[in-house]
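Trainee:
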DNA sequence: CGTGCTGTTGACATACTTCAATACGGGTGG
DNA sequence: CCACCCGTATTGAAGTATGTCAACAGCACG
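Residue numbers (UniProt numbering), protein chains in the order written: chain A, 1 to 236; chain B, 1 to 236.
And the structure:
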C-alpha cells in the first residue's frame with residue numbers, strides 16, 4: 001500500500017526485512033512473456049477509461065492508482081509497492097489512472113499471455129488477495145478514522161515491519177526512531193487520505209509541535225518514536 | 001457490491017439481466033471440491049482474527065464483510081453478491097468478519113483444494129479483479145463523496161444495469177421507477193457508507209421530501225426516477 | 001532578484017456528528 | 001384483541017472536526 005525508500009526503490013542501503021508482498025521468494029512476471037519498462041517520476045502509465053491492453057507488475061519504485069469524479073474531485077485508491085500488480089479492471093477499460101510517484105520499473109504483460117498461463121493466474125490471485133486486504137484497511141481509514149489517525153496510519157505504512165498485524169515492536173534498546181521519504185506532495189497525500197491539503201498540513205505541523213515527528217524538508221520526515229505514532233493510528 | 005432481491009436471492013420473479021459477476025456462464029466452485037452450506041440471516045460465517053481454513057463463494061443471498069476498531073467503530077468494507085468470493089486474507093487470520101445479511105447459500109472450499117486447482121485459481125483471479133474494482137469505487141465514495149451522494153450511490157448499486165459504466169438508461173417509455181429491498185439496518189448502511197445512523201436517516205427523509213424516493217417500510221424503498229437519483233451520485 | 005509552485009497558517013463556514021427526545025412497529029402475553 | 005415492551009428509526013438542537021477562502025512563507029529555477 002505504502003512505499004518508502006527502503007525496499008521500494010533500494011535507494012537507501014537498508015534491506016527490507018519483510019518478505020516480498022507478492023510471489024514470495026519467486027521469480028517475477030518476467031518469466032511469463034512480460035517485458036520490462038521504465039518510467040520517470042510523475043509519469044502516467046494509463047488513464048482511467050483507456051482500453052485495457054496489458055497487465056503490469058511493479059518491480060521497483062512506486063505507483064499510485066487514482067479515480068477522478070467529473071467535477072475534479074480525486075481519490076487515490078492505492079499506493080503500490082514492488083510486487084503489486086495493476087491494470088486489471090474486470091472490464092475493457094481501466095477503472096483508474098496509474099501514475100508513478102517515483103522513477104519506476106515495471107513488467108508489462110500482454111493480456112493474452114495472462115490468459116494463457118496458469119502459473120501467472122496463480123501468482124495474480126495471490127497478489128490481488130494482498131492488495132484486497134490493503135484496500136479493506138484503507139476503507140476503514142477513509143470511513144472511520146479522524147484526520148490525525150489517517151496521517152498517523154499513513155506514516156506507519158511507511159515503516160517496514162511495524163504497525164501491522166505482525167508488528168515486531170521496538171527493536172532492542174533503540175530509541176525507536178525512523179527516517180522516511182514521502183515521495184508524495186501534500187495534495188497526493190490528501191487525495192489518498194480523503195482529506196484536504198490544509199488538513200494534512202495542519203496535522204503534520206501538530207505532530208511536529210507535539211514532538212512526535214521532526215521534518216526539515218516537507219517530504220523528509222523523522223519519526224521520533226514509532227510506537228508513539230502507532231498509538232495514534234486508532235488501531236490500538 | 002450491493003444486493004437486491006432481484007438476482008441476489010431469486011426471491012422476486014424477475015431474472016437479473018446482467019451477466020453473473022464472476023465466472024460468467026460457468027459452473028460455480030462446487031466442481032472443485034467445495035461443499036454447500038446454508039446460513040440464516042445475520043449469521044457470522046467467521047470472525048476477524050479467526051484462523052483461515054477455507055475459501056467461500058457466495059451462491060445465493062448476501063453477505064457483508066466488516067472490520068472493527070478496538071474502540072468499537074465499525075466499517076463494512078464489502079457487501080457481497082452471488083458470485084463473489086470471501087475468506088481470503090493473504091495471511092493466516094481473516095482480516096474481516098463475514099456476516100450474512102439475508103439467508104445465504106455458500107460454497108465452502110478447503111484451502112488445500114484451492115491451492116491445487118489451476119481452474120479455481122483462475123476463476124479466483126477473475127472474481128478478485130471484479131471485487132477490487134468495487135473497492136476502488138467504494139474508496140471514492142468514502143473519501144470524496146457527500147452524505148447525499150453516498151446514499152444515492154448506495155441505492156443505485158441496488159438497481160441492476162443502471163448507474164454503472166454500462167448503464168442502459170431508462171428503458172423505453174417506462175416511468176423509470178424501481179422497487180428495492182435493502183436487507184440492511186440503518187446502522188449497517190451507515191457503517192458501510194462511513195456515516196452515522198442519524199445522517200443516513202436524515203438523507204433518506206430528505207430524498208422522500210424531495211420526491212426522489214418513496215418508502216412505507218424502512219427497508220422497502222421505491223425509487224421514483226432512477227435517472228434522477230443517479231444524477232445525485234456525484235458520478236455525473 | 002523576481003516568478004511560480006508547494007506548503008503553511010489563520011479566520012470563518014458548514015456538513016456531519018453527538019446527544020437527547022420522540023415515534024414507529026413487531027412481537028408477546030394477558 | 002389490545003396493552004405493553006423493546007429495538008430500530010426519526011427528528012431536533014447544539015457541538016465540532018474538517019473544509020473553504022485567503023494571505024503569506026519557503027524554495028527552486030531562470
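Backbone N, C-alpha and C define an ideal beta-carbon position, used for all residues, glycine too.
What you are looking at is a predicted structure, and each value in this text was computed from that prediction instead of being measured.
Would you decide whether residue 217 (chain A) is buried or exposed? Buried here means 16 or more other CB atoms lie within 10 Å of its CB.
Mentor: Position 217 of the first chain, counted from the start, is the residue given in the question as residue 217 (chain A). With fewer than 16 Cβ atoms within 10 Å of its Cβ, residue 217 (chain A) is classed as exposed.
Trainee: Using a Cβ distance threshold of 8 Å, determine whether the stretch 51-62 of chain B contacts the stretch 70-81 of chain B, with at least three qualifying pairs required.
Mentor: Because the criterion of three Cβ pairs below 8 Å is met, the stretch 51-62 of chain B and the stretch 70-81 of chain B touch.
Trainee: Between which two residues does the beta strand (DSSP E) harbouring residue 168 (chain A) extend?
Mentor: Locating residue 168 (chain A) in the first chain gives position 168, where the first residue counts as 1. No beta strand (DSSP E) holds residue 168 (chain A); DSSP gives it neither H nor E.
Trainee: Starting from residue 57 (chain A), trace the alpha helix (DSSP H) both ways and give me its first and last residue.
Mentor: One-based indexing of the first chain puts residue 57 (chain A) at position 57. Looking at the DSSP string, residue 57 (chain A) is not in any alpha helix (DSSP H); the run it does join, the beta strand (DSSP E), is 54-60.
Trainee: When the Cα atoms are used, what is the spatial distance from residue 204 (chain B) to residue 181 (chain B)?
Mentor: Here residue 204 (chain B) refers to the residue found at position 204 when the second chain is read from its first residue. Here residue 181 (chain B) refers to the residue found at position 181 when the second chain is read from its first residue. So the two alpha carbons sit approximately 14 Å from each other.
Trainee: If we count Cβ pairs, one from each stretch, closer than 8 Å, do we get three or more for the stretch 98-106 of chain B versus the stretch 43-56 of chain B?
Mentor: Touching, per the Cβ criterion.
Trainee: How many angstroms separate the CA atom of residue 75 (chain A) from the CA atom of residue 140 (chain B)?
Mentor: Working through the first chain from its first residue, we reach residue 75 (chain A) at position 75. Working through the second chain from its first residue, we reach residue 140 (chain B) at position 140. Residue 75 (chain A) and residue 140 (chain B): Cα-Cα distance of roughly 5 Å.
Trainee: Can you name the residues of chain B whose CB is closer than 7 Å to the CB of residue 169 (chain A)?
Mentor: As a first step, residue 169 (chain A) must be located in the first chain, where it is residue number 169. In chain order: nothing, as chain B lies at least about 17 Å away.
Trainee: What are the start and end residues of the alpha helix (DSSP H) that includes residue 157 (chain B)?
Mentor: Here residue 157 (chain B) corresponds to residue number 157 of the second chain, with the count starting at 1. Here the alpha helix (DSSP H) through residue 157 (chain B) covers 147-157.
Trainee: Quick one: list the residues of chain A neighbouring residue 70 (chain B), beta-carbon separation under 9 Å, in chain order.
Mentor: In the second chain, counting from the first residue as 1, residue 70 (chain B) sits at position 70. The answer, in chain order, is 234, 235 and 236.
Trainee: Quick check on residue 96 (chain B) - is its C-beta less than 7 Å from some C-beta in chain A?
Mentor: Against the second chain, residue 96 (chain B) aligns to sequence position 96. Chain A, which has a Cβ nearer than 7 Å to the Cβ of residue 96 (chain B), makes this yes.
Trainee: Using a Cβ-Cβ cutoff of 8 Å, what residues of the stretch 82-115 of chain B are near chain A? List them in chain order.
Mentor: If the cut-off is 8 Å between Cβ atoms, the stretch 82-115 of chain B has 88, 89, 90, 91, 93, 95 and 96 near chain A.
Trainee: Which two residues bound the contiguous alpha helix (DSSP H) that contains residue 132 (chain A)?
Mentor: On the first chain, position 132 is the one that residue 132 (chain A) refers to. Element bounds for residue 132 (chain A): 118-144.
Trainee: List the DSSP bridge partners of residue 98 (chain A).
Mentor: On the first chain, residue 98 (chain A) is found 98 positions in, with the first residue counted as 1. According to DSSP, residue 98 (chain A) bridges with A:46 and A:65.
Trainee: Use the C-beta contact count for residue 121 (chain B): other C-beta atoms within 10 angstroms, 16 or more gives buried, fewer gives exposed.
Mentor: Here the question's residue 121 (chain B) lines up with position 121 in the second chain. The residue in question, residue 121 (chain B), is buried, as its Cβ has 16 or more Cβ neighbours within 10 Å.
Trainee: Alpha carbon to alpha carbon, how far is residue 102 (chain A) from residue 234 (chain A)?
Mentor: Here residue 102 (chain A) refers to the residue found at position 102 when the first chain is read from its first residue. Here residue 234 (chain A) refers to the residue found at position 234 when the first chain is read from its first residue. Each residue's alpha carbon lies about 29 Å from the other.
Trainee: Taking only three categories from DSSP, how would you classify residue 179 (chain B)?
Mentor: Stepping through the second chain from its first residue, residue 179 (chain B) is reached at position 179. If DSSP states are grouped into helix, strand and coil, residue 179 (chain B) belongs with the strands.
Trainee: CB-CB under 7 Å to residue 224 (chain B), same chain, minus the five flanking residues each way: which ones, in chain order?
Mentor: Numbered from its first residue, the second chain carries residue 224 (chain B) at position 224. If we look at residue 224 (chain B) and ignore the five residues flanking it on each side, its Cβ neighbours are 177, 211, 212, 213 and 214.
Trainee: Residue 129 (chain A) versus chain B: which residues are under 8 Å apart at the beta carbon?
Mentor: Position 129 of the first chain, counting from 1, holds the residue named residue 129 (chain A). Simply 88, 89, 90 and 128.
Trainee: Taking the C-alpha atoms as reference points, what is the distance between residue 236 (chain A) and residue 65 (chain A)?
Mentor: Here residue 236 (chain A) refers to the residue found at position 236 when the first chain is read from its first residue. Here residue 65 (chain A) refers to the residue found at position 65 when the first chain is read from its first residue. Going by the C-alpha atoms only, they are around 28 Å apart.
Trainee: How big is the Cα-Cα spacing for residue 150 (chain A) and residue 193 (chain A)?
Mentor: If you number the first chain from 1, residue 150 (chain A) lands on position 150. If you number the first chain from 1, residue 193 (chain A) lands on position 193. Cα to Cα, the separation comes out at about 6 Å.
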